[in-house]
Amino acid sequence: MHVAPEVRAPPPSVHARPGLSCSPLSMRGAVSPVDGKTVLAGRFRRTLLLVALAAALPSVLLIVYLSLEQQAAYVEEVRRDTRNMAQALRLMQQEYADKTRHLLSTLQFLLKSIPADNRAERENLLRSVLAANPSYSTFAIADGDGILVASATPLEDRVSVHDRRYWIMARKTLRFSAGEYVVGRSLKKPVFHFALPLLDEQGRFDGVLIAASRLDLPAEFFPSMSLPENWAMALVDSNGVRLRRQPEQEDLPEGIPVGVDVRRKLLEHGEETFFTANGADGRERMITAARLTLDNGQHYATLLLSVPMQTISDKVNGLLTRNLAYLAATTALALLLASYLGRRALAAPATRLVRAVRRLGGGDLNARAGQEGLGGELGELAASFNDMAASLQTRERDRAQAEEALRESEAKFRTVFQHSFELFGLLCPSGRLLEANAAALAVVDEPLEQLRGMPIWETPWWNDDPRKVALVRQALEDARAGETVRFESLHQRADGATIHVDVSLRAVRDPGGAVAAFLMEGRDISERYDMEDRLRHMALHDPLTGLANRSLLRDRVSQAIAWAKRRPGEHFALLFLDINRFKVINDSLGHAVGDRILQEVARKLAAALGEDDTLARYGGDEFVVVARSVHSPQDAIMLANR
Numbered sequence: 003m004h005v006a007p008e009v010r011a012p013p014p015s016v017h018a019r020p021g022l023s024c025s026p027l028s029m030r031g032a033v034s035p036v037d038g039k040t041v042l043a044g045r046f047r048r049t050l051l052l053v054a055l056a057a058a059l060p061s062v063l064l065i066v067y068l069s070l071e072q073q074a075a076y077v078e079e080v081r082r083d084t085r086n087m088a089q090a091l092r093l094m095q096q097e098y099a100d101k102t103r104h105l106l107s108t109l110q111f112l113l114k115s116i117p118a119d120n121r122a123e124r125e126n127l128l129r130s131v132l133a134a135n136p137s138y139s140t141f142a143i144a145d146g147d148g149i150l151v152a153s154a155t156p157l158e159d160r161v162s163v164h165d166r167r168y169w170i171m172a173r174k175t176l177r178f179s180a181g182e183y184v185v186g187r188s189l190k191k192p193v194f195h196f197a198l199p200l201l202d203e204q205g206r207f208d209g210v211l212i213a214a215s216r217l218d219l220p221a222e223f224f225p226s227m228s229l230p231e232n233w234a235m236a237l238v239d240s241n242g243v244r245l246r247r248q249p250e251q252e253d254l255p256e257g258i259p260v261g262v263d264v265r266r267k268l269l270e271h272g273e274e275t276f277f278t279a280n281g282a283d284g285r286e287r288m289i290t291a292a293r294l295t296l297d298n299g300q301h302y303a304t305l306l307l308s309v310p311m312q313t314i315s316d317k318v319n320g321l322l323t324r325n326l327a328y329l330a331a332t333t334a335l336a337l338l339l340a341s342y343l344g345r346r347a348l349a350a351p352a353t354r355l356v357r358a359v360r361r362l363g364g365g366d367l368n369a370r371a372g373q374e375g376l377g378g379e380l381g382e383l384a385a386s387f388n389d390m391a392a393s394l395q396t397r398e399r400d401r402a403q404a405e406e407a408l409r410e411s412e413a414k415f416r417t418v419f420q421h422s423f424e425l426f427g428l429l430c431p432s433g434r435l436l437e438a439n440a441a442a443l444a445v446v447d448e449p450l451e452q453l454r455g456m457p458i459w460e461t462p463w464w465n466d467d468p469r470k471v472a473l474v475r476q477a478l479e480d481a482r483a484g485e486t487v488r489f490e491s492l493h494q495r496a497d498g499a500t501i502h503v504d505v506s507l508r509a510v511r512d513p514g515g516a517v518a519a520f521l522m523e524g525r526d527i528s529e530r531y532d533m534e535d536r537l538r539h540m541a542l543h544d545p546l547t548g549l550a551n552r553s554l555l556r557d558r559v560s561q562a563i564a565w566a567k568r569r570p571g572e573h574f575a576l577l578f579l580d581i582n583r584f585k586v587i588n589d590s591l592g593h594a595v596g597d598r599i600l601q602e603v604a605r606k607l608a609a610a611l612g613e614d615d616t617l618a619r620y621g622g623d624e625f626v627v628v629a630r631s632v633h634s635p636q637d638a639i640m641l642a643n644r
């Protein structure tokens with residue numbers, strides 16, 4: 003007996019196939035109105051096109067290859083030029099930063115000779131330094147709290163710079179530091195700051211000496227260079243805010259962050275990198291980026307040089323356009339060659355194949371395509387056609403045999419078949435479903451029209467589990483050999499209920515002994531399984547409390563002994579419990595109250611035990627506990643006191 007596991011049926015209406023699928027659709031009368039010459043002409047056109055494309059393919063590949071090579075070479079040239087430019091500009095900017103550091107160091111030395119409370123003399127010194135260095139916007143001094151105490155430009159109010167990046171970094175590192183793009187609080191205009199920390203005699207932070215640089219950097223910072231059209235250079239701070247752009251552009255002002263795509267790429271890459279990204283103007287650009295750092299490694303700005311990808315593409319497309327002329331000549335030659343080869347290699351084989359197709363379309367299932375002299379794809383096509391014709395012939399024969407068998411038996415059992423409470427199904431010799439009664443269809447809740455013609459193993463009764471598919475296919479083979487096959491199978495009804503079915507399958511044979519159909523019968527035996535389960539439970543459990551009875555208790559004790567023997571060092575405990583003065587309660591308040599007390603005690607005891615423990619009612623008010631979750635006598639005592 004084969005028993006299939008419980009599986010779920012697929013949702014209804016997923017196998018809808020109209021009509022009887024046990025035999026092929028008849029092709030009689032389905033003659034194509036297209037004559038052989040028209041078919042051949044269409045085939046010639048398609049074949050010639052394919053040959054021409056095959057002949058032109060080397061030229062296409064050559065043009066694409068040359069274009070890609072040219073583009074790669076030009077990109078590498080631009081990349082090399084922009085990298086050289088970036089390195090030169092980075093050196094110039096680093097020289098500018100070093101110049102600022104040396105200037106502030108000199109200014110720091112000069113300030114040592116001026117008392118800290120002599121603000122006027124300090125500011126005179128700052129103004130003289132500013133006059134000698136006009137590329138800077140101002141010089142200033144901030145105390146240890148970040149308050150400006152002296153400036154080369156007048157201070158209107160009390161100004162604090164304790165939240166500026168340059169002041170924070172100078173105080174943190176005690177080294178020369180740089181800031182970011184800000185609007186100066188004393189100058190009221192955009193500037194970029196450098197700061198040198200001031201230390202007292204003990205080497206503690208005592209303020210900063212500040213140099214504010216103008217955004218209009220010296221002209222030599224952007225030297226002329228031979229770069230492609232629409233090139234651009236930009237200097238951005240560590241936050242991605244644009245400090246300067248060359249050439250200047252009104253819609254890309256200073257003080258505005260560069261594009262999001264560019265900022266993301268800058269965060270992903272290192273000190274010097276090369277990438278493509280969409281610029282702030284929305285155009286895809288090839289960008290070379292070089293980080294600007296101080297001696298202490300602080301990154302304070304990035305230099306960007308970019309060229310639009312469209313500029314590169316325009317130059318390469320000129321070469322591509324010239325090469326297309328060669329492609330036209332190559333294609334013309336390929337068409338001539340394809341025309342000659344196509345007429346010799348396709349005409350005769352295609353004519354034979356078209357004739358065979360027309361015969362098959364007219365209903366002649368004996369039609370076959372000759373394969374003499376055919377090879378390659380046409381030979382495979384002719385062989386596939388012959389296999390299809392043989393398959394159609396076999397299916398037509400199966401259909402005729404099944405129809406004959408049905409006509410002989412249908413009048414006798416149609417009424418019984420349809421109205422029986424058992425599950426009936428009728429299959430053709432190939433295993434396809436012909437009929438199913440109402441009881442069988444109710445299991446899957448699908449109409450017969452959607453299931454008829456499907457192989458029985460693909461229907462919702464069986465296709466929900468590969469093991470059931472194998473089971474029913476083997477049963478068909480056994481029944482074909484002359485056996486009456488019986489097995490049990492587990493199914494899920496459309497309403498979700500699970501049923502056990504006793505299935506029998508036998509072959510219905512014609513007078514000549516050939517299989518005309520298969521009859522499959524199923525009987526719902528779920529009630530028998532339910533009864534067995536109830537009897538098994540009643541035999542091992544107490545009917546009042548639902549706990550294990552003496553029989554099950556003996557089995558669990560034997561299991562616990564064997565378990566302890568297999569695991570040296572493991573223990574289990576047996577606890578015998580009863581209810582004090584239970585007889586008094588039972589006699590005075592009645593058996594109904596006593597029963598409720600027993601049930602409540604059983605529930606509380608079960609709640610106090612582990613999953614591996616067993617609680618049994620031994621009899622009357624006596625209970626026994628088999629506890630595996632103990633490791634010592636103290637554990638057993640603790641469990642008893644619980």
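According to this note's numbering, the stretch in the sequence shown is residues 3 to 644, in order.
For every residue, glycine included, the Cβ atom is placed at its ideal position computed from N, Cα and C.
Spatially closest choice to residue i from the options, by CA coordinates
i    : options                : result
A442 : S432, F426, G455       : F426
R285 : I314, L383, G299, I581 : I314
E490 : S634, S528, K101, K191 : S528
L321 : E572, R361, V586, E71  : E71
L268 : N241, A154, E479       : N241
D239 : G622, S634, L294       : L294
L367 : E398, A550, L93        : E398
R146 : V185, L211, A481, Q251 : Looking at the sequence itself, residue 146 is Gly, so the reference to Arg does not match. It is L211.
P255 : V264, S506, L591, R244 : R244
R177 : G148, L106, P136       : L106
L128 : L113, K317, R401, A604 : L113
Which of helix, strand or coil DSSP assigns to residue i
i    : result
L27  : Low per-residue confidence applies at L27: pLDDT is 37, beneath 50, and the placement is therefore not dependable, though the value from the model is reported in the following sentence. In the structure shown, L27 sits in coil (DSSP, three-state: anything other than H, G, I, E or B).
H164 : coil
D589 : helix
H1   : Outside the displayed span of the chain (3 to 644) sits residue 1, for which this structure offers no information.
V33  : Caution applies to V33, whose pLDDT of 39 falls short of 50 and renders its modelled position unreliable; the model cannot decide the point.
R244 : strand
N643 : helix
E448 : coil
Residue i versus residue j: straight-line alpha-carbon distance, rounded
i    : j    : result
L473 : A385 : 34 Å
A477 : T417 : 27 Å
P35  : Y67  : Any answer about P35 is weak, because its pLDDT of 44 lies below 50 and its placement is not dependable; what the coordinates show is given next. C-alpha separation (whole angstroms): 48 Å.
R488 : E523 : 9 Å
K470 : A496 : 18 Å
Y98  : M87  : 17 Å
A90  : S61  : 44 Å
D504 : V510 : 20 Å
A134 : N319 : 53 Å
N465 : R434 : 13 Å
D165 : D83  : 40 Å
A516 : P462 : 28 Å
F387 : S432 : 22 Å
Neighbour-count burial assignment, residue i, 16 or more Cβ in a 10 Å radius
i    : result
G484 : exposed
T278 : exposed
Q403 : buried
S553 : exposed
L237 : buried
A144 : buried
L305 : buried
Q204 : exposed
I289 : buried
S153 : buried
N-terminal and C-terminal residue of the alpha helix (DSSP H) that residue i is part of
i    : result
R265 : 262 to 270
R552 : 552 to 568
D535 : 528 to 542
D202 : Per DSSP, D202 belongs to no alpha helix (DSSP H) and is neither H nor E.
D283 : From DSSP, D283 is part of no alpha helix (DSSP H); its letter is neither H nor E.
For residue i, the first and last residue of its enclosing beta strand (DSSP E)
i    : result
G209 : 207 to 215
Q494 : 487 to 494
L429 : 425 to 429
A152 : 150 to 153
D580 : 573 to 580
S139 : 138 to 145
Beta carbon proximity, residue i to chain B, threshold 8 Å
i    : result
E613 : No chain B appears in this structure, which consists of one protein chain only.
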